[in-house]
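The structure appears below as structure tokens.
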Amino acid sequence: MAETTTKPIILVVDDDAIIRVVIRKILETEYQVVEAADGEAGLQKAREIKPVAVIADVQMPKMNGFALCKAICDDFELSDIPVMMISAEENADELLKVYDVGGQGFITKPINHKALLTRIAHMLQQSAERAQMKSQISYATNTAFTAMSSMSETGLLMETLKNFNGSNTAQGLAQLLIAALQQFQLDGVVQLKTDAGIVALNLKGEASGVELAVLQKMATMERIVRFRNRLSVNYPNVQLIVNNMPVDDEERSGRLRDHLAILIEAAESRLEAIKVKTTLIATQNQLAIMSSIQSLTTTLSEIDQQQRQGNVERAALFGDVMMNMESALSAFGLSDRQEESLLSVVRNGWEKITAIYTDEAALQNKLSQVVQTLKNSLEEI
Numbered sequence: 001m002a003e004t005t006t007k008p009i010i011l012v013v014d015d016d017a018i019i020r021v022v023i024r025k026i027l028e029t030e031y032q033v034v035e036a037a038d039g040e041a042g043l044q045k046a047r048e049i050k051p052v053a054v055i056a057d058v059q060m061p062k063m064n065g066f067a068l069c070k071a072i073c074d075d076f077e078l079s080d081i082p083v084m085m086i087s088a089e090e091n092a093d094e095l096l097k098v099y100d101v102g103g104q105g106f107i108t109k110p111i112n113h114k115a116l117l118t119r120i121a122h123m124l125q126q127s128a129e130r131a132q133m134k135s136q137i138s139y140a141t142n143t144a145f146t147a148m149s150s151m152s153e154t155g156l157l158m159e160t161l162k163n164f165n166g167s168n169t170a171q172g173l174a175q176l177l178i179a180a181l182q183q184f185q186l187d188g189v190v191q192l193k194t195d196a197g198i199v200a201l202n203l204k205g206e207a208s209g210v211e212l213a214v215l216q217k218m219a220t221m222e223r224i225v226r227f228r229n230r231l232s233v234n235y236p237n238v239q240l241i242v243n244n245m246p247v248d249d250e251e252r253s254g255r256l257r258d259h260l261a262i263l264i265e266a267a268e269s270r271l272e273a274i275k276v277k278t279t280l281i282a283t284q285n286q287l288a289i290m291s292s293i294q295s296l297t298t299t300l301s302e303i304d305q306q307q308r309q310g311n312v313e314r315a316a317l318f319g320d321v322m323m324n325m326e327s328a329l330s331a332f333g334l335s336d337r338q339e340e341s342l343l344s345v346v347r348n349g350w351e352k353i354t355a356i357y358t359d360e361a362a363l364q365n366k367l368s369q370v371v372q373t374l375k376n377s378l379e380e381i
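Numbering (the UniProt record's numbering), first residue to last: 1 to 381.
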């Protein structure tokens, strides 16, 4: 009997049976699909089967999708299960609601076959990476708290700013910002924009699609925006969103806001320095390449000229030899036939040598083409 491979289980929660069927048809080739008709039933199913992901409609009876998502995120045994929300429309309010309850994905109706498969695959990949990073982050966090336990908030700020100077990549800079959030006992997401793309991290690893969408929406807001327990700090290339500002301690909340503003401003400056350094290194590498090509071109050009000059000199030398030989043979009193026989031997030998030089001339022409190509390359750089 052939060995069967168990497919990953995805829980689909929607009060619309037609939507459940549509999603099942899209996913069933790669996943085992389990269905539930409302949020309460979906939560119970999630506790029973522990799916790899949950897809839930926003609007449902008994318990809607937002409540279900929050319940899953708040449940210690289920909190690592990513949840994708389904809605009839996509707007800033809807995205913020999904973000607030911990949703990791978002898709609108009507369901697009390719988009659903792609987003599910990406969401599961992020989930796997978070699981792998969870122990590493936990270890790093514990180490950081141990090292920083006796330091004040200002000390933490100064230590992070000092560490910025040792960061030479956008990824490393983003990790330092996330580490600072952990040390301040805050939860959030940070995004850095570089010429190579976007680096976006949260405390678990790579930022989710919903978090990226929220960051994009909030990028148009003022530099520092505070709304209830959420804080947004926006700079041209660095953005931060904090989700759990201490609303019950205004004094500490104010200090944290100031510290975070300083951190993001410093990160913006450091990121710019990293970009300048990267550009400088690229320019230096380009100059080194140009210098090497220039040196190679000069050397090959000299070889080309010397070989061509040698060919001309050899031809002239042979002409002189033949003339001298004809003059010398006349002094030996040889018959015309004998003289012609000797001269014929010399001519035949020269013709063979000439044939060899002809083959070398073809290679010589190729060498000339290489030299010209290198010169053209230098002009284009």
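Every residue gets a Cβ at the ideal spot worked out from N, C-alpha and C, and that includes glycine.
Check	Outcome
Would A115 and V83 qualify as a contact pair, given that the criterion is a beta-carbon distance under 8 Å?	no
In three-state terms, what does DSSP make of I9?	strand
When you compare only the Cα positions, how much space is there between S150 and A53?	Residue placement at S150 cannot be trusted, given a pLDDT of 41 that sits under 50; what the coordinates show is reported in the next sentence. Each residue's Cα considered, the two are about 41 Å apart.
Roughly how many angstroms lie between the CA atoms of G319 and V312, to the nearest whole one?	11 Å
When you compare each of E250, I274, S232 to A261 by their alpha carbons, which one comes out closest?	S232
Between K277 and N237, which are expected to be in contact by the criterion C-beta below 8 Å, what is the C-beta distance as a whole number of angstroms?	Incorrect: roughly 15 Å between the Cβ atoms, too far for contact.
Please determine, among A170, T220, L176, the residue with the shortest C-alpha to C-alpha distance to E272.	A170
Run the CB neighbour count on A88, radius 10 Å, all protein chains shown included, and call it buried at 16 or more, exposed below.	exposed
So does the region 6 to 25 actually touch the region 33 to 45, counting three or more Cβ pairs closer than 8 Å?	yes
Can you tell me whether M158 is buried or exposed, with buried defined as 16 or more other CB within 10 angstroms of its CB?	exposed
Compare the C-alpha of P51 against each of L177, K62, L181, T6 and name the closest.	T6
Using 8 Å as the threshold, is the C-beta distance between N243 and R230 below it?	yes
Hey, how far is the Cα of T373 from the Cα of Q309?	22 Å
Suppose contacts are defined by Cβ-Cβ distances below 8 Å. Is K45 in contact with F66 by that definition?	no
Since Q126 contacts E206 with CB under 8 Å, what's their CB separation in whole angstroms?	5 Å
How far does the alpha helix (DSSP H) with F164 in it reach, from first residue to last?	153 to 164
Quick check on T154: buried or exposed, where buried means 16 or more other Cβ atoms within 10 Å of its Cβ?	exposed
Alpha helix (DSSP H) containing residue 383: first to last residue?	Given a span of 1 to 381 for the chain in the structure shown, any question on residue 383 remains unanswerable.
Helix, strand or coil: how does DSSP classify S149 here?	Low confidence applies to S149: its pLDDT is 46, below 50, so where it sits in the model is not reliable enough to give any reading.
Under a three-way DSSP split, which group does Q372 fall into?	helix
So, helix, strand or coil for D57, using DSSP?	strand
Could you check how far apart the C-beta atoms of V190 and Q239 are, in whole angstroms? I think they sit under 8 Å.	7 Å
By Cβ distance, which residues of its chain are closer than 8 Å to A131, with the 5 residues on each side in sequence left out?	D80
Considering only residues of the region 177 to 237, which uninterrupted alpha helix (DSSP H) runs meet the minimum length of 4 residues and lie entirely inside it, listed in chain order?	209 to 218
What's the C-alpha gap between A179 and Q216?	23 Å
Rounded C-beta distance between Q183 and L156? I'm assuming under 8 Å.	5 Å
Would you decide whether V12 is buried or exposed? Buried here means 16 or more other CB atoms lie within 10 Å of its CB.	buried
Rounded to whole angstroms, how far is the Cβ of A23 from the Cβ of V58, which I believe are closer than 8 Å?	The sequence shown places Ile at residue 23, not Ala. About 14 Å separates the two Cβ atoms, so there is no contact after all.
Are the beta-carbon atoms belonging to Q175 and L201 less than 8 Å from one another?	yes
Just reading off the beta strand (DSSP E) that I26 is part of, what are its end residues?	It is not in any beta strand (DSSP E) - I26 instead sits in the alpha helix (DSSP H) that spans 17 to 27.
Do R270 and V247 count as a contact pair if the criterion is CB distance below 8 Å?	no
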